[in-house]
Amino acid sequence: MSQKIHTLSAGDGTLQVATRGARVLSCHVDGEDANLFYEDAEGNGGDRLWIAPEVAYNWTSLEAAREDPVAASATPKVMDPGTWAVHGTWDGGLTLAQSLELTDVRDGKRIELAIKRTVSAIAPPFGLPDGVACTSFTVVNDLTATGGDDGAVAAAWDILQIPVTGTLVCPTTRRVEPRSYYEPFGDKHVQVADDSVRFLVDHKRRVKMGLRPEHTTGRMGFLRSLKKGQSSLIVRVFSVLPGEQYVDIPRDHPADQRSGGDALQAYNDDLTYGPFGEMEYVTPAVVVGGCQHRNTACVTHAMVGPDALIREAGEALLGVAVGLIE
């Protein structure tokens, strides 16, 4: 599939949206020449949409994933890069669409999906400190289950890849211990406070954590130091619906579990795939024979400015103090 890039002006910078994979591939903000998102030499990275649960669609089998998740990894090509086509464009945005079929490796149930992904440039949040530049956009992921076997599930799993090194700050509704998806967290990469969890992105340890919908405020921010006293901050705001059917769960959970999953996830790679981390969120599921349509939105603000002002803006948007794990 050929790659066409759509460039959107947004606030104090630009976004590049690729038709291949329907990715928001890059985000540039005045004051920093480099892409604030992670992008590899082959044009992979940025903000992309996968389909959850991972235990259903991204490994050869649940048993193989439990034994060796790297060796068993098998992301379907219909999911990524897929066959996205432009569904509509306007000044400041576009909609991409595709249809696909997936089979749950746990029970063999099939689901057919129609997906639309809309990216829109928006104004920066009101009240940012003078001296902070910002590029903002909204992503709307629209999933419809158009066919398949009764009980088959799928959910929008939005993944933003971010460069090293920095700290992801995840406000919580109370003090909570995140759920681990891979190796133990260790004593540095995941730090729990009464009002938040902080997650280190540094490519030194393969770690993934998850927060249940009742434990996240639907916000997360990635702080990274730049040169000459400058910092960048990426804030994501997404809806959470405690009590709805969240289906993304770790590999060690029962094979027949179809609820009780996480809404917020964070990942730090150890150079198995590259020097990056991920800011992830998962929406409630569509279910064949049940709720067959979901339309969910996420707002992203990418900011650059003097470190003190960036931390001030981050605290205002996240509701908790913003800082780095040293």
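Heads up, the sequence shown is in the working numbering, so the first residue is 1290 and it goes up one at a time.
Positions of the beta carbon are idealized from the N, C-alpha and C atoms, including for glycine.
Do residue j and residue i count as a contact pair if the criterion is CB distance below 8 Å?
i     : j     : result
I1400 : E1567 : no
L1560 : H1492 : yes
M1509 : R1525 : yes
H1590 : P1467 : no
D1329 : G1532 : no
H1458 : S1485 : Reading off the sequence shown, one finds Val at residue 1458, where the question assumed His. Yes, the pair counts as a contact, with Cβ atoms nearer than the cut-off.
Q1534 : V1577 : no
V1344 : R1395 : yes
P1365 : Y1346 : yes
D1447 : Y1556 : no
Y1471 : P1543 : no
If you count every other CB in all the chains shown that lies within 10 Å of the CB of residue i, and 16 or more means buried, which is it?
i     : result
N1584 : exposed
G1335 : buried
F1527 : buried
M1290 : Reliability of the predicted coordinates at M1290 is poor, the pLDDT of 46 falling under 50, and the value obtained from them is presented with this limitation in mind. Exposed, by the Cβ-count rule.
T1572 : buried
D1558 : buried
L1304 : buried
T1308 : buried
H1504 : buried
E1352 : exposed
P1539 : buried
S1388 : exposed
S1520 : buried
V1306 : buried
D1545 : exposed
R1337 : buried
If residue i sits next to residue j, beta carbons under 8 Å apart, how far is it from one beta carbon to the other, in whole angstroms?
i     : j     : result
L1512 : T1456 : 5 Å
A1445 : N1430 : 4 Å
A1363 : W1348 : 6 Å
E1604 : A1610 : 6 Å
T1427 : R1406 : At roughly 11 Å, the Cβ-Cβ gap does not stay under 8 Å, so T1427 and R1406 are not in contact.
W1373 : A1361 : Rounded, the Cβ-Cβ distance is 26 Å, inconsistent with contact.
Among the options, which one has its Cα closest to the Cα of residue i?
i     : options                       : result
V1375 : V1593, G1310, T1561 and E1352 : G1310
D1322 : A1330, G1302 and E1615        : G1302
G1382 : T1296, V1486 and K1517        : T1296
M1368 : E1328, T1454 and I1404        : I1404
R1547 : R1525, L1515, A1574 and L1560 : A1574
A1586 : N1557, R1540, L1530 and P1370 : L1530
A1341 : F1426, L1432 and A1361        : L1432
G1594 : I1294, V1318, P1564 and L1314 : V1318
F1415 : S1521, V1408 and S1425        : S1425
G1518 : I1599, L1314, T1454 and F1474 : I1599
Y1327 : L1314, A1354, G1371 and G1507 : L1314
D1541 : G1436, R1355 and A1602        : R1355
K1477 : V1465, Y1470, V1490 and N1324 : V1490
H1582 : L1515, D1537, D1596 and L1402 : L1402
P1473 : R1495, V1481 and V1408        : R1495
G1579 : A1434, S1350 and A1299        : A1434
G1377 : A1597, D1393, K1398 and V1408 : V1408
D1537 : L1522, V1481, S1469 and F1565 : S1469
V1588 : D1596, A1597 and L1607        : L1607
G1651 : M1592, E1390, G1612 and L1613 : The requested residue 1651 is not part of the displayed model; the chain covers only 1290 to 1615.
L1391 : K1516, R1464 and G1436        : G1436
V1479 : E1615, G1397 and S1350        : E1615
A1482 : G1612, K1293 and E1331        : G1612
Using beta carbons (cut-off 8 Å, strictly below), is residue i in contact with chain C?
i     : result
D1369 : Of the protein chains in the structure, only one exists, and it is not chain C.
Review point. Does the region 1544 to 1554 touch the region 1492 to 1505, meaning 3 or more C-beta pairs lie closer than 8 Å?
Key: yes
Exercise for review: Indicate whether the contact test is met: 3 or more Cβ pairs, each with one atom in the region 1412 to 1423 and one in the region 1439 to 1448, closer than 8 Å.
Suggested key: no
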